[in-house]
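There are 2 protein chains.
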Amino acid sequence: MSDLLAINTIRLLAVDTVAKANSGHPGAPMGLAPAAHTLFKQMRFNPRNPAWINRDRFVLSNGHACALLYTMLFLYGYDYTIDDLKSFRQLNSKTPGHPEAELPGVEVTTGPLGQGIANAVGLAIAQAQLAATYNKPNYELFSNYTYAFLGDGCLQEGVAQEAISLAGHLGDGLKLIAFWDDNQISIDGDTNVSFTEDVPAKFRAQGWEVLSVKDGNDDLEGIAAALAKAKTTNKPTLIRLPTIIGYGSLQQGTHGVHGSPLKPDDIKQLKKKFGFDPEQNFVVPREVTESYAKHVADNQQVEVEWNKLLTAYTKEYPELGQELHRRLDGKLPENWQKALPTYTVDDKPVASRKLSEIVLTSIEKELPELVGGSADLTGSNLTRWPDAVDFQPKSTGLGDFSGRYFRFGVREHGMGAIINGISAYGANFKAYGGTFLNFVSYASGAVRLSALSGHPIIWVATHDSIGLGEDGPTHQPIETLAHLRALPNLMVWRPADGNETSAAYLRAIESKHTPSIIALTRQNLPQLEHSSIEKAAKGGYTVYPVENPDIILVASGSEVSIAIDGAKKLGTEGVKASVVSIPDFFTFDSQARSYQLSVLPDGVPIMSVEVMSTFGWSKYSHEQFGINRFGISGPGPEIYKFFEFTAEGVADRASKVVQFYKGKELLSPLNKAFESVHA
Amino acid sequence: MSDLLAINTIRLLAVDTVAKANSGHPGAPMGLAPAAHTLFKQMRFNPRNPAWINRDRFVLSNGHACALLYTMLFLYGYDYTIDDLKSFRQLNSKTPGHPEAELPGVEVTTGPLGQGIANAVGLAIAQAQLAATYNKPNYELFSNYTYAFLGDGCLQEGVAQEAISLAGHLGDGLKLIAFWDDNQISIDGDTNVSFTEDVPAKFRAQGWEVLSVKDGNDDLEGIAAALAKAKTTNKPTLIRLPTIIGYGSLQQGTHGVHGSPLKPDDIKQLKKKFGFDPEQNFVVPREVTESYAKHVADNQQVEVEWNKLLTAYTKEYPELGQELHRRLDGKLPENWQKALPTYTVDDKPVASRKLSEIVLTSIEKELPELVGGSADLTGSNLTRWPDAVDFQPKSTGLGDFSGRYFRFGVREHGMGAIINGISAYGANFKAYGGTFLNFVSYASGAVRLSALSGHPIIWVATHDSIGLGEDGPTHQPIETLAHLRALPNLMVWRPADGNETSAAYLRAIESKHTPSIIALTRQNLPQLEHSSIEKAAKGGYTVYPVENPDIILVASGSEVSIAIDGAKKLGTEGVKASVVSIPDFFTFDSQARSYQLSVLPDGVPIMSVEVMSTFGWSKYSHEQFGINRFGISGPGPEIYKFFEFTAEGVADRASKVVQFYKGKELLSPLNKAFESVHA
Ligand SMILES: [Ca+2]
Ligand SMILES: [Ca+2]
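Protein chains in written order, with UniProt numbering: chain A, 1 to 679; chain B, 1 to 679.
If you want it as structure tokens, here you go:
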């Protein structure tokens, strides 16, 4: 089979796919087909077992070009049919408008620009960490490459720049090869309207190897040679690939072919030009199918050999081998959760960021899959256990690739996308990233994809409120928890004490498909009398019970103990107040309605207490005590007083609430007329 | 006076300030004092009139070093006293933990890393745009420079990288000079743990001039020479300034001096070393005061001359002069709002992104201060009026600096911070940025600072829901509006038709201190019978009135017409349903409670209807119909059906709600036991 036949098949399938949908992006697939064909030809992967751990990874960072990816996956015999291509971008099809991680052969969800290349950095880090941890002489279990395609759009995004910079720093040994689709076109037209930097020089300044192909449309040997050369360097490599967007179309080289289907006449001339029947659609020449099938058969043999290698390895290194088997099975060690610390009311007050450090230090020994770091706030986030080894190239003298602690630099968004990539690698990785809660917002794009793709990563988000004090309103979260709680499939823990902190980690580590934010205080919190891991792990529970309360106070994190103090004060004034702690809305929402109503029943006024925006708390409460303005700089305890978050401030408002609702019929806010069908 | 005396005065004031607060960052001020002294000495500004429009701007991008900034402003006689320095980081002081834009002499709020340098790019763009628009031969009204200090942290942030890249592209003529505090230290220790790129080479690759000072601690002549040289190039310039963090401290050169006060003994030896009395604090030698006062006096004369120039200019160019006077007074043209289009129910359905384009095209003629652009989605956001001129260096042949349309590239976060900077310049700039609503999240950090600092910028946020269709869940906002609505001081408009779109722009353009997001549809929306600019400008109103309703449906944007269809269907079934449109929570929340309760009264069940997360809607409604999961790829209308957002889907749920609450006493969710004191 000629390579050109395969390449034109790819081009025309992508064109037909977009045309049939009457929606999508034909231009990039047409320009990138030669690179895709050449790259896949030398990749190791098994379409019958897309989860094979040592497969090469391919990330389409310019996710809008997904007609290309679906075409490749279809041609290589992944679980797609020609009808799947024909239902591109249709409701509930297997070929949605951007690639989604749960689809066969799709490594990570892309489309939001810049995320894919940052995920690819994470995938390459994961490979390097596993190789350094498990590979032994004659047992190169982890040797895969991570490849990425990226367009000009990705290169302009800050998240990509952050990850590219870190990859350059970590470079010595990362098996990462990225193709830059240098087609001089973006949606606004010629890239010269906004993007005129010297990309190769910029990458080199950041420690990357940069190679160039003369002509990405025709020079297959050049592409193959660049790939081969890239594998001889230890650095991550960018291959510049000058292409013509929409290659072959009458409109080639313009943004007219970027985001709209080609016109019928254009498609016909294209098929003629490529030697295909202009009247036929979705044509796959037999030679192409056969040639690709041959490559798959070879690859399957590679996996067979690899499995043999793992068996032999497990005999020679039984402990490591069994650990690896466990991780590949996606199982946690038995009884790992016994390492979670518990507390009683007599234990001393501790900041929950410190409680988090105690958890990490305790569980890391049980969980070799636990890896993480901080965006340059290690000493503030307390994310590093005492004898952690840094993940650094050995050449730096600062650590090695078996290290499990990452120095992400001041790169929150990049960090978020990188831990998504580490998680996407598999092998049960539990990856976390630390920063101040307020700066999780810098990484919103990556957090959203954690939730959408179901990467069970963890954000260690310290300094979680006005309680951080002097740093002031630029650092004090107000809207942040509302933002995160409104995201589907995201746990947002805000533990009130030691037991609740352990519960947060229990759920976060156990999670298979739901990421977690753990919001932690800078300031000390007392240990609560009625908290327990078991209760907190339900997401919400009565932490200060009284019989027949006149009012229920519902709070989270640092405000739970203040609410309890308020309830005690109310008690002395003859008002019976109980307190409910809701450390995580997502988990509480997943409990049976009957349990929820036992915690927040009909007939009792409920007031929320949290030093944040009240936005969203009305789902659990009739009245809200919060802070619907920005914070203020000053010592933390004084700020709490300033905003009246004290026993008195709580009791005062609670009394008003009791008065207001006296004699009024009240439903629990959780007692609903209809259940959302889509929750 | 010797320069060294002034520099050591600055260092010690900063040290004393941090020590007195027992909180803050002494290291960077100590290292940067020589540069600050040398820079301010040649800057044009008037402490008696910090708003003088042609002043040089100084941005402290590494905002944690604010003890330095407050010290400089105090020494130069801005409205700060020594007691203000002594109450650094205390509650309600004038010297909060990070610099805040509303303080005298502080140009922009910084602290969240990377924002400041991006703001500085915006400030420089604003200067260039005004210069190209108003300067005439012999009338160089706008000639100021924008200076920035930035640390290693800023350089790692994506938002900074985006802005730096765009500044390099726009470079030919931007009066922007940044000092990189190259002190090899960040919070995690030596920068070599994560930040090893070749910064000068990277800046050069992006079109910047890069200069180097040999020793930032001592070489004052070198700093002055670099500044002078920077002014001879047309490019934005980075001056590399190797400094020792905490210069003079026993712990100098370590991260130990980054974020904690110096120890008392250390401060004493420092004062001795610098020739100051070790027992005295907050000392300002008379010579320093006098020398700085002299510079201020000179500068005041510069402003006097400038005012004369403006007077002469206004005589020679009366039209431009008066326009400029109006802008400097912060006034809009009289009757500008008459340019806002209005619609009747007979007008045809139009997508609100198109309605937005019609508004922009209509009002831009009235408002020369209206400038904006898109993050590479011009044709999708419809942000460019037909005969707009692009803001580009003339040398590109693509526009000139009088242009009011920006090609931001795929740089949402950078765009957000840049338009904050343009707004911060003054001259009544109304700056907007366009992207898909979902990708406003990429810019969360900048949006938060728009709200915190009160920059009345505008986000043109199109493709605002599942209605965008085929692009699928990666592009469909679910949590986005909840996130933005939870931010204090932010209008989040989601207009339902043409009149509401005009109302959104009316409020956004009129706004002095509150930014706006305008969420707009890709799909067509019908013109509503009862909408008007006046009613919508209240943020919420009854758009489909019925007498004594059995239920009130409350909706926003594209769901308002669906709710009305649902109400009509309910009417045929004997259920009386009215519909309330809430195009903006912030504006509705600012209405009198009596008005709010007239719209959402006691005694009637209220159900919200919006194709987003229901999070937050319980503040206005008893029941919520929304989408608490991610979206799906497919044609927009089919997705609406899939999620049952149709007249039938609405009516079905509304009937259940009416049944459920029949005979039950019901308060409006807006009828509250207590008013938040901090709202
Ligand atoms: Ca491109
Ligand atoms: Ca530094």
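Beta carbons are placed, not taken as given, at the ideal position from N, Cα and C, and that holds for glycine. Just so it is clear, the structure is predicted and the values come from calculations on it, not from any experiment.
For this session: Could you tell me whether the Cβ atoms of S608(B) and F586(B) are closer together than 8 Å?
Result: Translated into positions along the second sequence, residue 608(B) becomes position 608. Translated into positions along the second sequence, residue 586(B) becomes position 586. The Cβ atoms of S608(B) and F586(B) lie no closer than 8 Å to each other.
Problem set entry | Proximal residues to F88(A) (C-beta, below 6 Å), its chain only, five neighbours per side dropped | For this step, residue 88(A) is matched to residue 88 along the first sequence. Excluding residues within five positions, the ones whose Cβ falls inside 6 Å are T17, A21 and T95.
Exercise. Roughly how many angstroms separate the alpha carbons of E279(B) and Q523(A), rounded to a whole number?
Worked result: Taking the second sequence and counting its residues from 1, one reaches residue 279(B) at position 279. Taking the first sequence and counting its residues from 1, one reaches residue 523(A) at position 523. Linking E279(B) to Q523(A) through their CA atoms gives a straight-line distance of about 33 Å.
For this session: Establish whether the CB of F149(B) and some CB of chain A are separated by less than 8 Å.
Result: Position 149 of the second sequence, counted from the start, is the residue given in the question as residue 149(B). Interface with chain A (8 Å Cβ-Cβ cutoff): F149(B) is excluded.
Exercise. Ends of the alpha helix (DSSP H) at Q269(B)?
Worked result: For this step, residue 269(B) is matched to residue 269 along the second sequence. From DSSP, the alpha helix (DSSP H) with Q269(B) extends over P264 to K273.
Exercise. Comparing the CB of N183(B) with every heavy atom of ligand 2, is any distance shorter than 7 Å?
Worked result: Position 183 of the second sequence, counting from 1, holds the residue named residue 183(B). Within the chosen limit of 7 Å, ligand 2 reaches the beta carbon of N183(B) through at least one heavy atom.
Exercise. Regarding S186(A) and ligand 1, is the C-beta to nearest heavy atom distance less than 7 Å?
Worked result: One-based indexing of the first sequence puts residue 186(A) at position 186. Yes, since a heavy atom of ligand 1 falls inside the 7 Å radius drawn around the Cβ of S186(A).
Exercise. Is any beta-carbon of chain A found at less than 8 Å from that of I478(B)?
Worked result: Numbered from its first residue, the second sequence carries residue 478(B) at position 478. I478(B) counts as touching chain A.
For this session: Measure the alpha-carbon distance for A163(B) versus K354(B) and round it to whole angstroms.
Result: Counting from one through the second sequence, the residue named residue 163(B) turns up at place 163. Counting from one through the second sequence, the residue named residue 354(B) turns up at place 354. Near 28 Å, if we compare the C-alpha coordinates of K354(B) and A163(B).
Exercise. According to a CB-to-CB cut-off of less than 8 Å, which residues of the stretch 175-193 of chain B neighbour chain A?
Worked result: Residues passing the 8 Å Cβ filter: S186, I187, D188, N192 and V193.
For this session: Take F615(B) as the anchor and find which of P477(B), T232(B) and L12(B) has the nearest alpha-carbon.
Result: Along the second sequence, one-based indexing puts residue 615(B) at 615. Ranking P477(B), T232(B) and L12(B) by CA distance to the CA of F615(B) puts P477(B) first.
For this session: Return the chain-ordered list of same chain residues with a C-beta closer than 6 Å to the C-beta of F406(A), the five sequence neighbours on each side being excluded.
Result: As a position in the first sequence, residue 406(A) is number 406, starting the count at 1. Listed in chain order, the non-local C-beta contacts of F406(A) below 6 Å within the same chain comprise G373 and F391, local neighbours out to five positions each way being set aside.
Exercise. According to DSSP, what are the bridge partners of P635(B)?
Worked result: Position 635 of the second sequence holds residue 635(B). Beta-bridge pairing links P635(B) to no other residue.
Problem set entry | Beta-carbon spacing of L123(B), T146(B) below 8 Å | Along the second sequence, read from residue 1 onward, the residue named residue 123(B) stands at position 123. Along the second sequence, read from residue 1 onward, the residue named residue 146(B) stands at position 146. Going by C-beta atoms, L123(B) is nearer than 8 Å to T146(B).
Problem set entry | Cα-Cα separation, D181(B) to P242(B) | For the purposes of this step, residue 181(B) is identified with residue 181 of the second sequence, where counting begins at 1. For the purposes of this step, residue 242(B) is identified with residue 242 of the second sequence, where counting begins at 1. In a straight line, the C-alpha of D181(B) is about 6 Å away from that of P242(B).
Exercise. With a cut-off of 8 Å, does the C-beta of K656(A) fall near any C-beta of chain B?
Worked result: Numbered from 1 along the first sequence, position 656 holds the residue referred to as residue 656(A). Residue contact with chain B for K656(A): present (Cβ-Cβ distance below 8 Å to some residue of chain B).
For this session: Report the three-state DSSP secondary structure of W52(A) (helix, strand or coil).
Result: As a first step, residue 52(A) must be located in the first sequence, where it is residue number 52. Assignment of W52(A) by DSSP, reduced to helix, strand and coil, places it in the coil class.
Problem set entry | Reduced DSSP category for M415(B) - H, G, I as helix; E, B as strand; rest coil | One-based indexing of the second sequence puts residue 415(B) at position 415. The answer is helix: DSSP assigns M415(B) an H, G or I state.
Exercise. Is it true that the CB of R55(B) sits closer than 8 Å to the CB of R44(B)?
Worked result: Here residue 44(B) refers to the residue found at position 44 of the second sequence. Here residue 55(B) refers to the residue found at position 55 of the second sequence. It is a contact, given that the beta carbons lie within the stated cut-off.
Exercise. For V599(B), which residues from the same chain have a beta carbon less than 7 Å from its beta carbon, with the 5 sequence-adjacent residues on both sides left out?
Worked result: By 1-based counting over the second sequence, the position of residue 599(B) is 599. Counting only residues of its own chain and dropping the five nearest sequence neighbours on each side, V599(B) has a CB closer than 7 Å to the CB of G540, Y541, T542 and V580.
For this session: Tell me, please, whether the CB atom of S532(B) is closer than 8 Å to any CB atom in chain A?
Result: The residue given as residue 532(B) occupies position 532 in the second sequence. In terms of beta-carbon proximity, S532(B) stays away from the interface with chain A, with every pair separated by 8 Å or more.
Problem set entry | Sequence-distant residues of the same chain with beta carbon closer than 8 Å to S362(A), five excluded per side | Locating residue 362(A) in the first sequence gives position 362, counting from the first residue. Same-chain partners within the cutoff: A339, L340 and P341.
Exercise. Residue range of the beta strand (DSSP E) that K430(B) falls in?
Worked result: Position 430 of the second sequence, counted from the start, is the residue given in the question as residue 430(B). Annotation for K430(B): the continuous beta strand (DSSP E) segment containing it runs K430 to F436.
Problem set entry | Closer than 8 Å to chain A by CB, S441(B) | Sequence index remark: in the second sequence, residue 441(B) carries index 441 (1-based). So yes, S441(B) belongs to the interface.
For this session: Return the CA-CA distance between H413(A) and D84(B), expressed in angstroms with no decimal places.
Result: Numbered from 1 along the first sequence, position 413 holds the residue referred to as residue 413(A). Numbered from 1 along the second sequence, position 84 holds the residue referred to as residue 84(B). About 36 Å.
For this session: With 8 Å as the C-beta to C-beta threshold (strictly closer), list the residues of the stretch 366-386 of chain A near chain B in chain order.
Result: Of all residues in the stretch 366-386 of chain A, those with a C-beta nearer than 8 Å to a C-beta of chain B are S374, D376, L377, T378, G379 and S380, reading in chain order.
Exercise. Short check: CB of V121(A) to CB of G445(A), under 8 Å?
Worked result: Working through the first sequence from its first residue, we reach residue 121(A) at position 121. Working through the first sequence from its first residue, we reach residue 445(A) at position 445. The answer is no: Cβ separation not under 8 Å.
Problem set entry | Three-state secondary structure (DSSP) of Y137(B) | Translated into positions along the second sequence, residue 137(B) becomes position 137. A quick correction: the sequence has Pro, not Tyr, at residue 137(B). Under the three-state reduction of DSSP output, P137(B) falls in the coil class, being neither helix nor strand.
Problem set entry | chain D residues whose Cβ lies nearer than 7 Å to that of H463(B) | Judged by its chain identifiers, the structure shown contains no chain D, and its protein chains are A and B.
For this session: With a 10 Å radius around its C-beta and 16 neighbouring C-beta atoms as the bar for buried, classify R286(B) as buried or exposed.
Result: Position 286 of the second sequence, counted from the first residue, corresponds to residue 286(B). Exposed, because fewer than 16 other Cβ atoms sit within 10 Å of the Cβ of R286(B).
Exercise. Taking DSSP as the reference, what is the three-state secondary structure of S352(A)?
Worked result: Here residue 352(A) refers to the residue found at position 352 when the first sequence is read from its first residue. Reduced to three states, the DSSP call for S352(A) is helix.
Exercise. Who are the near neighbours of E623(A) in its chain, counting only those whose CB is closer than 6 Å to its CB and skipping five residues on each side?
Worked result: Indexing the first sequence from 1 puts residue 623(A) at position 623. Same-chain partners within the cutoff: M607 and V657.
For this session: Taking C-beta pairs closer than 7 Å, name the residues in chain A that P473(B) reaches, listed in chain order.
Result: The residue labelled residue 473(B) in the question sits at position 473 within the second sequence. Here the neighbours are L452.
For this session: Please check if any C-beta of chain B sits within less than 8 Å of the C-beta of F40(A).
Result: As a working note, residue 40(A) is residue 40 in the first sequence. Cβ-Cβ to chain B under 8 Å: no for F40(A).
Exercise. Going along chain A in order, which residues have a C-beta closer than 8 Å to the C-beta of N524(B)?
Worked result: The residue you call residue 524(B) lines up with position 524 of the second sequence. Within chain A, not a single residue places a beta-carbon under 8 Å from that of N524(B); the smallest gap is close to 17 Å.
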